[in-house]
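A.B. asks: Heads up: the sequence lines are chains A and B, in that order.
With the first letter of the first sequence counted as 1, position 87 gets the number 87 in our numbering; the numbers rise by one all the way through.
With the first letter of the second sequence counted as 1, position 510 gets the number 1510 in our numbering; the numbers rise by one all the way through.
Below is the structure I would like to discuss, written out as structure tokens.
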Amino acid sequence: MATHNINVTVNGEAHAAAVDSRLLLVHLIRDDLALTGTHIGCDTTHCGACTVLMDGVPVKSCTVLAVQADGAEIGTVEGLAGADGMTPLQEGFQEEHGLQCGFCTPGMLMTGTALLESNPNPSEAEIREAISGNLCRCTGYVNIVKAVEYAAAKTGEGD
Amino acid sequence: MAPRTSAKICGMGHSMKRKEDPRFLQGKGNYIDDFTLPGMLWLDIVRSPIAYGKIKNIDSSKALEIPGVLAVLTGKDLEAYGLHWMPTLMSDTQMVLPTDTVMYQAQEVAGVIATSRYAAADGVAAVEVDYEPLKPVIDPFKALEDDAPVLRTDKEGKTDNHIWHWEAGDKEATDRIFEEADVVVREKMHVPRIHVASIETCGCLADFNPVEGHLTVYMTTQAPHAIRTVLALVAGHVGLSEEKIRVVSPDIGGGFGGKVPVYPGYVVAIAASVVLGKPVKWIEDRMENLQADSFARDYHMDAEIAANADGKIRALRIKTIADHGYSDAQAAPSKWPAGLFSICTGSYDMEQAYAEVDAVYTNKPPGGVAYRCSFRVTEAVHCMERVVDTLAHKVGKDPAQLREENFIPKEAFPYQSPLGWEYDSGDYQAAMDKAKEMIGYDELRAEQAEKRARGELMGIGVCSFTEVLGAGPSKDFDILGIKMFDSAEVRVHPTGKAIARFGTKSQGQGHETTYAQIIAEELGLPAAHVQVEEGDTDTAPYGLGTYASRSTPTAGAAGAMAARQIRDKAAKIAAHLLEVSEEDLDWEPGTFSVKGAPDKSVSIQDCAFAAYTNMPPGMEPGLEATNYYDPPNLTFPFGTYICVVDIDRGTGEVTVRRFVAVDDCGNIINPMIVQGQIHGGLTQGIGPALYEEIPYDEDGNNLAGSFMDYLVPTAVETPAWETGHTVTPSPHHPLGAKGVGESATVGAPPAIANAVVDALAHLGVTHVEIPIRPDRVWEILREKGVAE
């Protein structure tokens, strides 16, 4: 099997890696870079637990090959909180009880982050549509919607 | 109920933000696949493509040529150690790996051990297995026919596919009422095979240390202590001894009952680690998860109600066929093969009832687990709540009114049900009144009449369920003989902070927060200062785990009792510090003061420090307590759910427009978390009501073996749940609390099914099978001539 030398930037940090052609991006992130916040929940790209940002766009990293990420900027859940603490969206998830077991949460956060980036004040229907590729078995989604609304409101206040 | 403690202490009734959230929100959870050990190997599993057949040969040679593949384990290898079969929790038996026959599609056939995930998967693809297919038995009714082939030929003397018969109630007295009753209604219904589909699948990391003879298993289990005991019992003969087994259940990405059983993958990983002397990790993928483990339900029920002409229920009779697949591998208490199905009389007072269940072997995966359900309560409630609606239709009464006229009145509690339960407390009318008011019931009926006149299909569904949970009293409940108590161990440190360990295991329920609130309520220590730990058999006290909504009723009670023991000791210390007698002390959460002189006081923290530095003469130092709580009864939460559906006459699609859930789970520890549990449960109710099912074709092929076909509700289908509650405390629980985790999963499916039937009732429809897929509805619309 061919090996490829790739360069990816993950959460602002540059990494060079030699990867097999078939290595999935999610395994590069989890196993090679030890960023285990990104989860795996299915084999068919339905659950969205593995969602990361690739050049700002949410992708399901279980259906992206690591070689496809060559030259890309990848964002994972570990890169959200900064020196100022958690982002308004992360805060919103805690305030609105938008998580229970926490397994789908990183994917939800990445999808929600991308949504708010492109649409800072989404309607409930827009939020539901945006997260419809991320399955949650615990929360019933109501509080996830509220968490995104919380972040939108809080970010709006700061403007 | 206003909280008794301050926001700083954050005892019961406060919507405390969850302590576990910061790590989950920052990618710092520790789920099973996040664990790595030096030298760790990977297990992947070869599975059967056929539902039934003989294994003629397993050829591992090509797999072993693949770089990184170290070993292929088969049933023959395990047979050498007597580990190719294992007991189920219901004292049936189940193969770990087969030596000669496969019994269901996706059954584990061999384990490939390799140095990476990818090499292990390559090895699986390269193992060549020759099968001789046999004609499988898929339909449980056909499995009971005289000429059906006997599936469990491994069981000596077995001459049919019948597993067991269970019954409850007085058959003759019930039959007599049916003979003389004014009205009898009957519905046959199937609550189909579904799957918990937690977003995290199952897995483990087995680490056997051959020098010490010590085994550590990190695994996705809801019941780590019981699993350790089972491992010691099953593998004692190969040298695994209970004191040398440590089971660690880390953060779990959803359990819902699916992480109670022991699956073959766990055992193969452990066997591989023992054989190779290296850590071995097994993580199943989604297809393996959906196809091979943790199915739930699959009850075929035939239910009848006998009533007076005015709709007063007199008796209930249910005959059930339970499809267990090839082994009775359900996770239920030993003496309860049909679980707590006898809760089927529900919220209604009646003279007699009789329920029977016959369990059957078929060529399907073994089970079924108590999926977010206190052991077959979901099936029982669906059955009763559907057939009650049929009765309302038959006697021409509004379904809410008919329920109200049959409710067990609140004065009748504690209530003895005809099938032997003592319901602890209830006020069913209060929950009904609140639900009707929240949704605007009368207005909706008026709207429905208008729409019906215009040919539009709108339905209103009502469900008034009674749950039974919190197993349970040790006189009745055990798993493999281990009584179903649970435990707490609370230790207060000198500086007034505490650690509390429990025998249960959270899978998202928020125990790290709610248990801390229970300790805070009883001791007055801020919940923020109480660290909660569960899941490590080396450190936590023995308990039976978290499922069947039992954590608050059992371990939560144990936490309260342990905290009270600590408070009693703290009172003696306070009396010593204040130089008064104990009788002269008042207690407010967190503070002892002298009666009549409230400025003379000491805090619980002062007492904690003194317990290590200045204890009364003769007192044992330290401030800690352990409690093993054996509940005197189960708890019986209840509620009324009302929903509104609209049906598209062109497509048959059902849309849940509104859904009001009024729950009563007694006194509430954390309202935010309780509401979250209801939201999640409702979503796991709309799933089986409208979308989810694992069907099989006649060859035993699983037709919903991935998320392509197994339709878990997304944010788009899921309505904006509306919740409310009434509070009727449990009289026997130390905190007046009841369980809550599964109420909504139990109550939602019949509410939705009843709404759909209600929308079609004027067309003569009395029943629709779940899941109520668009094609099912459209067929009815076409048949009735109203499809567009």
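Heads up, the beta-carbon is just placed ideally off N, CA and C, and yes, glycines get one too.
Fair warning: this is a prediction, and the values are worked out from it, not measured in the lab.
Check the Cβ of residue 131 of chain A against every Cβ in chain B and list those closer than 7 Å, keeping chain order.
C.D. replies: Chain B residues near residue 131 of chain A: 1715.
A.B. asks: Report the neighbours of residue 54 of chain A on chain B: residues whose CB is nearer than 9 Å to its CB, in chain order.
C.D. replies: Residues of chain B passing the Cβ test: none, with the nearest at roughly 17 Å.
A.B. asks: My assumption, with CB atoms under 8 Å, is that residue 1750 of chain B sits in contact with residue 1382 of chain B. Please give the rounded CB distance.
C.D. replies: About 5 Å; that satisfies the 8 Å criterion.
A.B. asks: Would residue 1031 of chain B count as contacting chain A if we go by Cβ distances under 8 Å?
C.D. replies: Cβ-Cβ to chain A under 8 Å: yes for residue 1031 of chain B.
A.B. asks: Compare the C-beta of residue 1459 of chain B with all C-beta atoms of chain A and state if any pair is closer than 8 Å.
C.D. replies: So, not an interface residue.
A.B. asks: Let me know the secondary structure DSSP gives residue 1345 of chain B once reduced to three states.
C.D. replies: If DSSP states are grouped into helix, strand and coil, residue 1345 of chain B belongs with the helices.
A.B. asks: With C-beta atoms as the reference, is residue 151 of chain A less than 8 Å away from residue 89 of chain A?
C.D. replies: Contact flag set, yes.
A.B. asks: Excluding the five sequence neighbours on either side, which residues of its own chain have a C-beta within less than 6 Å of the C-beta of residue 59 of chain A, listed in chain order?
C.D. replies: Excluding residues within five positions, none has a Cβ falling inside 6 Å.
A.B. asks: Can you tell which of B/1505, B/1274 and B/1152 has the C-alpha that lies nearest to the C-alpha of residue 1257 of chain B?
C.D. replies: Closest option to residue 1257 of chain B, Cα to Cα, is B/1505.
A.B. asks: In terms of DSSP beta bridges, what is residue 1466 of chain B paired with?
C.D. replies: DSSP output for residue 1466 of chain B lists B/1638 as bridge partner(s).
A.B. asks: Measuring only the C-alpha atoms, how far is residue 1476 of chain B from residue 1087 of chain B?
C.D. replies: C-alpha separation (whole angstroms): 21 Å.
A.B. asks: Give the interface partners of residue 1287 of chain B over in chain A, defined as CB-CB distance under 9 Å, in chain order.
C.D. replies: Going along chain A in sequence order, the residues near residue 1287 of chain B (Cβ under 9 Å) are 42, 43 and 44.
A.B. asks: Does the distance from the CB of residue 1754 of chain B to the CB of residue 1461 of chain B come in under 8 Å?
C.D. replies: Yes; because the gap between Cβ atoms is below 8 Å, this pair is in contact.
A.B. asks: Taking the runs of the beta strand (DSSP E) that are 3 residues or longer, which of them lie wholly in the stretch 1179 to 1267 of chain B?
C.D. replies: DSSP runs (the beta strand (DSSP E)) wholly in the stretch 1179 to 1267 of chain B: 1183 to 1191, 1203 to 1209, 1214 to 1219 and 1245 to 1248.
A.B. asks: When you compare the CB of residue 26 of chain A with every CB in chain C, is at least one pair closer than 8 Å?
C.D. replies: In summary, chain C is missing from the structure at hand, where the protein chains are A and B.
A.B. asks: Of all the CB atoms in chain A, is at least one closer than 8 Å to the CB of residue 1197 of chain B?
C.D. replies: Chain A contact via Cβ: present.
A.B. asks: Quick one: any contact between the stretch 1512 to 1520 of chain B and the stretch 1659 to 1675 of chain B, if contact means 3 or more CB pairs under 8 Å?
C.D. replies: Yes: the two stretches touch, three or more of their Cβ pairs being nearer than 8 Å.
A.B. asks: I'd like to know whether the C-beta of residue 1257 of chain B is nearer than 8 Å to at least one C-beta of chain A.
C.D. replies: No, residue 1257 of chain B does not count as interfacial toward chain A.
A.B. asks: Can you list the residues of chain B that residue 150 of chain A reaches, using a CB-CB cut of under 8 Å?
C.D. replies: Within 8 Å Cβ-Cβ: nothing; residue 150 of chain A doesn't reach chain B, min ~13 Å.
A.B. asks: Helix, strand or coil for residue 1696 of chain B? Go by DSSP, reduced to three states.
C.D. replies: In the structure shown, residue 1696 of chain B sits in a strand (DSSP, three-state: E or B).
A.B. asks: Between the Cα of residue 1246 of chain B and those of B/1541, B/1439 and B/1396, spot the shortest distance and give me the residue it belongs to.
C.D. replies: Closest option to residue 1246 of chain B, Cα to Cα, is B/1541.
A.B. asks: Which residues of the stretch 1196 to 1222 of chain B have a Cβ closer than 9 Å to any Cβ of chain A? Give them in chain order.
C.D. replies: Answer in chain order: 1196, 1197, 1198, 1199, 1200 and 1201.
A.B. asks: Check for me: the alpha helix (DSSP H) holding residue 33 of chain A runs from which residue to which?
C.D. replies: Segment: none, residue 33 of chain A is in no alpha helix (DSSP H) and carries neither H nor E.
A.B. asks: With DSSP as the reference, please indicate the residues paired to residue 1663 of chain B in a beta bridge.
C.D. replies: DSSP lists B/1639 and B/1725 as partners of residue 1663 of chain B.
A.B. asks: Cβ closer than 7 Å: which chain B residues qualify as neighbours of residue 135 of chain A?
C.D. replies: What residue 135 of chain A touches in chain B: 1199, 1712 and 1714.
A.B. asks: According to a CB-to-CB cut-off of less than 8 Å, which residues of the stretch 1543 to 1554 of chain B neighbour chain A?
C.D. replies: Result list empty, no residue passes.
A.B. asks: Show which residues of chain A have a CB atom less than 7 Å away from the CB atom of residue 1507 of chain B.
C.D. replies: Those within 7 Å of residue 1507 of chain B in chain A are 101.
A.B. asks: What does residue 11 of chain A reach in chain B if we use C-beta pairs closer than 8 Å?
C.D. replies: What residue 11 of chain A touches in chain B: nothing, since even the nearest Cβ is about 10 Å away.
A.B. asks: Beta-carbon of residue 47 of chain A versus every beta-carbon of chain B: anything under 8 Å?
C.D. replies: It does; some Cβ of chain B falls within 8 Å.
A.B. asks: Quick one: is residue 1530 of chain B buried, meaning 16 or more other Cβ sit within 10 Å of its Cβ, or exposed?
C.D. replies: Buried.
A.B. asks: Kindly provide the ranges of any alpha helix (DSSP H) runs that are 4 or more residues long and lie completely inside the stretch 1376 to 1431 of chain B, ordered along the chain.
C.D. replies: DSSP runs (the alpha helix (DSSP H)) wholly in the stretch 1376 to 1431 of chain B: 1377 to 1395 and 1399 to 1406.
A.B. asks: Is residue 139 of chain A close to chain B, meaning its C-beta is less than 8 Å from at least one C-beta of that chain?
C.D. replies: It does: the Cβ of residue 139 of chain A has a partner Cβ on chain B nearer than 8 Å.
A.B. asks: Under a Cβ-count criterion, where at least 16 other Cβ atoms within 10 Å of its own Cβ denotes burial, should residue 1680 of chain B be classed as buried or exposed?
C.D. replies: Buried, by the Cβ-count rule.
A.B. asks: Specify, as a first and last residue, the run of the beta strand (DSSP E) that residue 1598 of chain B falls within.
C.D. replies: Unbroken beta strand (DSSP E) run through residue 1598 of chain B: 1597 to 1603.
A.B. asks: Step through the CB atoms of chain A and report whether any lies within less than 8 Å of the CB of residue 1703 of chain B.
C.D. replies: It does not; no Cβ of chain A falls within 8 Å.
A.B. asks: Figure out for me which residue from B/1096, B/1375 and B/1217 has the closest Cα to the Cα of residue 1634 of chain B.
C.D. replies: Ranking B/1096, B/1375 and B/1217 by Cα distance to residue 1634 of chain B puts B/1375 first.
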